[in-house]
Each structure stands twice: as C-alpha cells, then as structure tokens.
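A quick write-up on the structure given underneath.
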Amino acid sequence: MGMGNTWGWFLTLIKMDCNINNNNEHEWTFINDRQKGLIPTLNEMLPRAEHSFKSKWGGQDGEQYTVDLYQRSCTCRRWNLSGLPCPHSMAAMQERHQKPEVYIHACYTKATYMKAYQPLINPINGYKMWPKTGFTPVLPPSARKKVGRPRMKRIRGPEEYLNPLYPHKMLKVGQNSVFCRRCGQHGHNRRTCSVPLAEQKEGETAGGNAGRGRGAIDVQ
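Below, the structure written as structure tokens:
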C-alpha cells in the first residue's frame, strides 16, 4: 500500500468517526508535520479546508536582528547597504504574507535601467574640429639627449640571475649579494663563513685533502 493510500484510509476513518462533511470541514484544524503524501491527500480529501504552513526553528537561538519593513531596514545592515532584502527581512515578509519583490530598491527595476540609458551619447569631435582659442598652444617639454651611446637594455636587479644554470653567479651591474662557495649561502664569503658543515662521510679523512694544492681546507 502506497503512502498516499495510507493517508487516504486514515483520513477516511477520521471523517467517519468525527462526522466531517463538506459543510463543516472548514471548522476542523489538523496539525501535523509534513509527511510524504500527506499534502496531496489533504487537498483531495478536504478540498474546502484551509491549508497553511508555519516554519519552526529546530536549532538553538543565535543572534537577533530587528527588521523594519516600513523603513526598509534591518540591524544587520545588509538591506540598508545593498537595497535588496536580507534573509531576516524576508522571514518577516513571509510571516506577514508579503512579497519580497515589493521591497526591492527602485534602482534594480527595469524602468530605472531604461531611464538611465534613455539619453543618447553623441560621439565627440576629433582634435581637428576643436574650436580655436587664440592662446599659445601647450607644448610638451623638450627632450634632452643624454651624453654617450644610448642604452639598449634595461638595468636588471640584483635578484635577476644571468644564467639559470649558475644561479650563484650574480650580475655585475647592481650586484649587492655575496655568495659563499663553502656552504652555498648568500650574504658572506668563504673566508668569513661560520656555518657548521655536515660530518665527513665514512672512509674520508682529513689527510685525503692534502694533495689538492694551495688553499685546501680540512673539514674537522
């Protein structure tokens, strides 16, 4: 048995037990939550009865806002700033059985849109058709030619590398960063490096670097 047939059988028994007919069905009130198949069955079994719905909040109380439909404002300030009704104002409109479209600002209507684009914007005349003022025309400042051959390339910054294969090599022009060949960091050189290096691998000794020539550094 389907859900609609179940509600039909149930409402039929209620009408028989309570002696509900077409003349007095408007005097009865049925309160129930919206179950599947109940709404169409009520419309079919009790067509003259008044059907209304009321939303009920099932959560906890949160922030409260005051809505003034006459002033078209809400304390959340969304309606005041945008001109469109906020959710709080729409809930108040639904409680009073009013349409939200009535409370939308006039700037969003089609009539206002057509009124804004009603006047034609004529094209502007070119500079050849400008009227003569009789005053001395304003000229751009004279350009001074610099001494020497003009530069063909822009000046690069110190963070722009010359070759991506050697990122530690900085440009000569505007160079302000020092690279350390010992630890691989910037800001100091090999002579002033104080960064502790990792321990030597197994099998390597400090004496193994003696044959590298002058300037070799032993890692302890």
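Using the numbering used here, you'd call the opening residue of the sequence shown number 3 and step up by one each time. Glycine included, each C-beta is placed from N, C-alpha and C at the ideal position. Computed from a predicted structure; not experimentally measured.
Which word fits residue i, buried or exposed, when buried means at least 16 other C-beta atoms lie within 10 angstroms of its C-beta?
i	result
Cys-88	buried
Ala-118	exposed
Val-69	buried
Cys-76	buried
Ala-94	buried
Trp-81	buried
Met-3	Unreliable positioning characterises Met-3 in this predicted model, as indicated by a pLDDT of 43, which lies under 50. A coordinate reading is not provided.
Val-175	Residue confidence is low: Val-175 scores 48 on pLDDT, short of 50, so the model does not pin down where it sits. Its coordinate-derived value is still stated next. Per the 10 Å Cβ criterion, exposed.
Lys-203	Residue placement at Lys-203 is poorly supported in this model, since its pLDDT is 43, which falls under 50; the coordinates still yield a value, given next. So Lys-203 counts as exposed.
With DSSP as the reference, please indicate the residues paired to residue i in a beta bridge.
i	result
Ser-91	DSSP output for Ser-91 lists no bridge partner at all.
His-188	Phe-181
According to the Cβ coordinates, are residue i and residue j closer than 9 Å?
i	j	result
Arg-79	Tyr-105	no
Leu-48	Trp-9	no
His-90	Tyr-67	yes
Leu-141	His-107	no
Ile-183	Leu-199	Sequence check: residue 183 is Arg here, not Ile. No. Outside cutoff.
Leu-71	Gln-100	yes
Val-180	Gly-189	yes
Asn-34	Arg-50	no
I think residue i touches residue j, with their Cβ atoms under 8 Å apart; what is that distance to the nearest whole Å?
i	j	result
Met-92	Pro-102	5 Å
Cys-22	Trp-30	Per the sequence shown, residue 22 should be read as Ile rather than Cys. Confirmed, Cβ separation roughly 6 Å.
When every heavy atom of the ligand GTP is checked, does at least one fall within less than 8 Å of the C-beta of residue i?
i	result
Lys-155	As far as ligands go, the structure on display features none, and thus does not contain the ligand GTP.
4-residue-minimum alpha helix (DSSP H) runs that sit fully inside the region 68 to 154, ordered along the chain: 80 to 84, 89 to 97 and 112 to 118
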